[in-house]
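See structure below.
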Amino acid sequence: MPPDAPRNRALPKWLFIALLSGGFLILGLGVLLLAPALASARWPTTQGIVLSARVVEQPQGKSLVYSIAITYRYDANGQRYEGRTFSHSSDSLPLSGKDRDKVHDEYQTSPTYAAWQPTKTVTVFYDPKNPAHSVLRPGATTLGWFVSLLGLIITGIGAWEGRRIRRLDSAS
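With the numbering used here, letter number 10 in the sequence shown gets 993, and the count goes up by one each step, no holes.
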């Protein structure tokens, strides 16, 4: 074949299988992340009260990321519960900033976070099958959608490459 001729070679078959398998695996993980998050938007609600909020720092690479860990109390089905889960992607309320004191001040003074202060009333979404499981922010998260989309893309590439392998094999 001349050097400037178009290449009509497919990827090795093992790579096709790896792409397809990996894509399905990642897609499954995305669905596992999305399903309960999407279901939570339909959960019953009750009023709760913020008991405490504190700045927490989590290492991310070489830096620290700050968030507010919120503890809240609510009643569901005649029982009293305490929750700590903000959303399906995070146990805490994310904040921007690189300095712990500035992050704390932002949380204390910003109107954005006024609803999450101690003693404030909050709407709590709780799982009707397990009322001890609750969130303050229901619904799907960016992470769930991203993982699902990534799985779809990888599966699509694997399927496209598999089709190409079959077509080239039948042409040979």
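Here a beta-carbon is modelled for each residue, glycine too, at the ideal position from N, C-alpha and C. On a predicted model such as this, the values are computed, not experimentally measured, just so you know.
With DSSP as the reference, label PRO1114 as helix, strand or coil. Residue state, collapsed to three classes: strand.
Going straight from the alpha carbon of PHE1069 to that of SER1004, what length do you get? Rounded to whole angstroms, the gap between the alpha carbons of PHE1069 and SER1004 is 33 Å.
Just checking, does the stretch 1132 to 1144 make contact with the stretch 1027 to 1046 on the three C-beta pairs under 8 Å criterion? Taking a cut-off of 8 Å on C-beta distances, the stretch 1132 to 1144 does not touch the stretch 1027 to 1046, as fewer than three cross pairs fall below it.
Looking only at its own chain, which residues have a Cβ that is under 8 Å from the Cβ of ILE1140, when we skip the five neighbours before and after it? Counting only residues of its own chain and dropping the five nearest sequence neighbours on each side, ILE1140 has a CB closer than 8 Å to the CB of LEU1002, GLY1006.
Using a Cβ-Cβ cut-off of 6 Å (strictly less than) and excluding sequence neighbours within five positions of VAL1048, which residues of its own chain qualify? Within the same chain, GLN1041 come within 6 Å of VAL1048 by CB-CB distance, once the 5 residues on both sides are set aside.
In the DSSP assignment, find the unbroken alpha helix (DSSP H) run with ASP1084 in it and report its ends. ASP1084 -> alpha helix (DSSP H) spans 1083 to 1092.
Give the DSSP-derived three-state secondary structure of PRO1019 in the structure shown. Under the three-state reduction of DSSP output, PRO1019 falls in the helix class.
GLY1031, enclosing beta strand (DSSP E) - first and last residue: For GLY1031, the uninterrupted beta strand (DSSP E) segment begins and ends at 1028 to 1043.
Excluding the 5 residues preceding and the 5 following TYR1090 in the sequence, name in chain order all residues of the same chain whose CB lies nearer than 6 Å to its CB. A distance below 6 Å between beta-carbons, with the five flanking residues on each side excluded, links TYR1090 to the following residues of its chain, in chain order: ILE1051, TYR1096.
Just list the residues that DSSP pairs LEU1047 with in beta bridges. BP columns for LEU1047 point to PRO1042.
Per DSSP, THR1104 forms a beta bridge with which residues? The partner list for THR1104 (beta bridge, DSSP) reads ILE1032.
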